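Shown next, in structure tokens, is the structure this report addresses.
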């Protein structure tokens with residue numbers, strides 16, 4: 081087996097672990113169980129800034145990330161039973177750079193990246209989210225010379241995998257039973273750049289980007305039992321660039337992208353939704369120089385499979 085230089089960063093329950101700098105097999109068994117609520121709140125007034133402004137309020141019950149070379153075998157098990165609450169309230173005025181504001185309430189989050197070609201990779205993900213997950217973002221923005229983006233996101237279970245190699249065995253099992261509610265209230269005016277406003281409530285989400293010289297096998301099973309709901313109440317005026325407003329509630333979502341050299345892909349996916357899924361948007365937009373796009377989408381089950389051409 082060829083030797084590779086390895087750069088490894090693994091975050092388990094907020095503790096960073098470093099791996100030695102030589103190629104070898106990796107076995108990671110991560111178990112996280114949370115019985116308490118995660119809560120984050122940020123209240124701020126921001127004025128007269130000559131650079132960029134970034135505000136984040138994030139409540140996360142369980143988080144796991146791995147960025148590896150070599151031949152990994154990863155088993156990730158995350159369970160949370162009380163939910164998460166995130167709130168961000170801010171008035172922002174007279175900013176020269178870009179402005180971004182994010183309120184995020186997340187039950188379980190897992191991210192895995194396999195950096196170089198592996199002889200094999202086995203990545204198994206199992207997530208259970210039970211409880212109330214709510215994000216609230218209230219934003220007033222005026223007089224910004226750059227772009228403005230605002231996101232309120234409530235997510236039960238989230239998985240992201242990027243992997244390349246010869247033999248990829250990938251599996252995902254996500255169970256959600258609880259409320260996922262995102263709320264975005266915003267007033268934005270006098271912006272030179274683009275404006276992007278997003279309110280997203282998602283029960284289960286999984287995404288894979290794979291490149292396999294032999295085969296990639298993906299088994300996906302997602303279940304949602306109680307309601308994801310997304311709300312937007314926004315007003316936008318006097319914008320030179322484009323304006324986008326998206327309000328999306330999704331029960332089960334799977335996205336699979338393959339690079340052109342993937343030889344064989346085997347995908348088995350089951351999505352079960354027994355939840356009301358609702359998206360409501362109230363939007364007022366005026367005096368916009370660029371394009372305007374407004375979307376309210378409520379989706380029970382979604383699977384997207386595509387090939388990436390570089």
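In the numbering used here, the protein residues as written are 81 to 390.
Glycine included, every Cβ here is placed at the ideal spot set by N, Cα and C.
Source: prediction; values computed, not measured.
Boundaries cannot be given for residue 132, as no beta strand (DSSP E) includes it and DSSP labels it neither H nor E.
Secondary structure remark: continuous beta strand (DSSP E) runs of at least 3 residues inside the region 231–308, in chain order: 275–304. For the region 164–242, the continuous beta strand (DSSP E) assignments of 3+ residues that do not extend past its boundaries occur at 179–194 and 198–224, in sequence order. Boundaries of the beta strand (DSSP E) around residue 113: 105–114.
About 5 angstroms separates the beta carbon of residue 298 from that of residue 250, a gap short enough to meet the 8 angstroms contact definition. The beta carbon of residue 220 sits closer than 6 angstroms to those of 171 and 267, all from its chain and outside the five residues before and after it, given in chain order.
Excluding the 5 residues flanking it on each side, residue 258 has same chain C-beta neighbours closer than 7 angstroms at 163, 209, 210, 211, 212, 213, 236 and 306, in chain order. Approximately 15 angstroms separates the beta-carbon atoms of residue 166 and residue 134; this is outside 8 angstroms, ruling out the contact. DSSP places residue 327 inside the beta strand (DSSP E), whose first and last residues are 323–338. Proximity of the region 222–230 to the region 148–155 falls short of the contact definition, fewer than three beta-carbon pairs being nearer than 8 angstroms. Nearest C-alpha to residue 199 among 293, 326, 347 and 339: 293. Secondary structure at residue 119: strand, using DSSP grouped into helix, strand and coil. In the three-state reduction of the DSSP assignment, residue 354 falls in the coil class, being assigned neither a helical nor a strand state.
Sequence-distant partners of residue 348 (beyond 5 residues in either direction) whose C-beta falls short of 6 angstroms from its own C-beta, in its chain, are 299. DSSP lists 263 and 360 as the beta-bridge partner residues of residue 311. Counted as a single uninterrupted DSSP element, the beta strand (DSSP E) harbouring residue 375 occupies residues 372–387.
For residue 217 and residue 295, the gap between their C-alpha atoms comes out near 43 angstroms. The alpha-carbon separation between residue 204 and residue 346 amounts to approximately 16 angstroms. Secondary structure of residue 160 (DSSP, three-state): strand.
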